[in-house]
């Protein structure tokens, strides 16, 4: 049994609790350009191409997000090109969607916002891997001002009407509030088998498979020792880690069981929780 997660591992759907499904569907479809795949009762699945990227679960009585708790910092929607990012930026402006910030991370260019329930969202595009920089084997990332004019200039001379998110859009990464960095690294690297790509001081770490800049961000910005929210709260239920085949999935599941972490069978794979009680769906 290997100790590293398969290099072709990617991120899958993110499952969230929201308070008002109709309100959330309007936001994700109208403002962000997701397409509704299915809706049944209080649950809806949305995507950009064929795959589900977002699963919304309505609970009108769900407690609101509170500071000082573990859970979702943001999920990140990866567009396939700078032009696609520019289209999303233009759409956010057209719909007067509040923006929380922008950043050039060296490896990527990102827009930050939140949904009506306060769930954090990043929309970004990657620079080509050949442009990424490293320092002693660790990826170099930063938080620098973004070139908004340069991004919007990608649309010059192009007659591109808004038809929603590009079908090649995926979930690129998930960034989590955790209670302790050391135990989070031990779980995500030592048990699941992700590679540590970067430590951002003592309060954040970034891990990935296959040399990506990060599939998961882990931070203690909600406070060291932060407690998990009540299980029925607004926010993250689980996010999916997608293995390329059954053998790769079985290896990870075996490591989880050997580590003594609780794991449950799920209709689409196996559900496990990290030490901060963030839910992870392991699947193919």
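Residue numbers (this note's numbering): 8 to 291. All C-beta atoms, glycine included, are put in the ideal place defined by N, C-alpha and C. Since we're looking at a predicted model, the values are computed, not measured.
Collapsed DSSP secondary structure at residue i in the structure displayed
| i | result |
| --- | --- |
| residue 37 | helix |
| residue 93 | helix |
| residue 132 | strand |
| residue 233 | coil |
| residue 225 | strand |
| residue 253 | helix |
| residue 265 | helix |
| residue 119 | strand |
| residue 161 | coil |
| residue 201 | coil |
| residue 185 | coil |
| residue 140 | coil |
| residue 260 | helix |
| residue 195 | helix |
| residue 29 | helix |
| residue 272 | strand |
| residue 57 | coil |
9 angstroms Cβ cutoff met for residue i and residue j
| i | j | result |
| --- | --- | --- |
| residue 92 | residue 120 | no |
| residue 20 | residue 178 | yes |
| residue 87 | residue 132 | yes |
| residue 40 | residue 172 | yes |
| residue 81 | residue 220 | no |
| residue 197 | residue 268 | no |
| residue 188 | residue 212 | yes |
| residue 247 | residue 18 | yes |
| residue 202 | residue 224 | no |
| residue 222 | residue 180 | yes |
| residue 84 | residue 47 | no |
| residue 50 | residue 33 | no |
Cutoff 6 angstroms; reference residue i; Cβ partners in own chain excluding five residues on either side
| i | result |
| --- | --- |
| residue 52 | 44, 45, 59 and 62 |
| residue 186 | 77, 232, 233 and 283 |
| residue 108 | 119 |
| residue 111 | 151 and 153 |
| residue 281 | 194 |
| residue 55 | 172, 174 and 176 |
| residue 30 | 123 |
| residue 275 | 290 |
| residue 206 | 212 |
Heavy atom of the ligand GDP within 8 angstroms of residue i beta-carbon
| i | result |
| --- | --- |
| residue 143 | Of the ligands one can find in the structure shown there are none, so the ligand GDP has no counterpart to examine. |
Close beta carbons around residue i, own chain, < 7 angstroms, minus the five adjacent residues each side
| i | result |
| --- | --- |
| residue 74 | 229 |
| residue 104 | 38 and 120 |
| residue 13 | 216, 250, 251 and 255 |
| residue 259 | 12, 199, 200, 250 and 289 |
| residue 245 | 22, 278, 286, 287 and 288 |
| residue 140 | 113 and 147 |
| residue 273 | 288 |
| residue 134 | 114 and 115 |
| residue 96 | 118, 158 and 159 |
| residue 253 | 291 |
Per DSSP, cross-strand counterpart(s) of residue i
| i | result |
| --- | --- |
| residue 245 | 22 |
| residue 106 | Paired residues: none, contrary to the question. |
| residue 72 | Residue 72 pairs with nothing; no bridge assigned. |
| residue 13 | Residue 13 is not bridged to any residue. |
| residue 78 | 184 |
| residue 212 | 206 and 225 |
Supposed contact pair residue j and residue i - C-beta distance, whole angstroms, cut 8 angstroms
| i | j | result |
| --- | --- | --- |
| residue 89 | residue 158 | 6 angstroms |
| residue 69 | residue 24 | 5 angstroms |
| residue 293 | residue 145 | In this structure the chain extends from 8 to 291, so residue 293 is not present and cannot be described. |
Own chain residues within Cβ distance below 8 angstroms of residue i, not counting five before or after
| i | result |
| --- | --- |
| residue 72 | 78, 124, 125, 126, 236, 240, 241 and 242 |
| residue 35 | 41, 53, 61, 63 and 122 |
| residue 67 | 26 and 27 |
Beta carbon proximity, residue i to chain B, threshold 9 angstroms
| i | result |
| --- | --- |
| residue 37 | As a matter of chain content, chain B is missing from the structure shown, which is built from one protein chain. |
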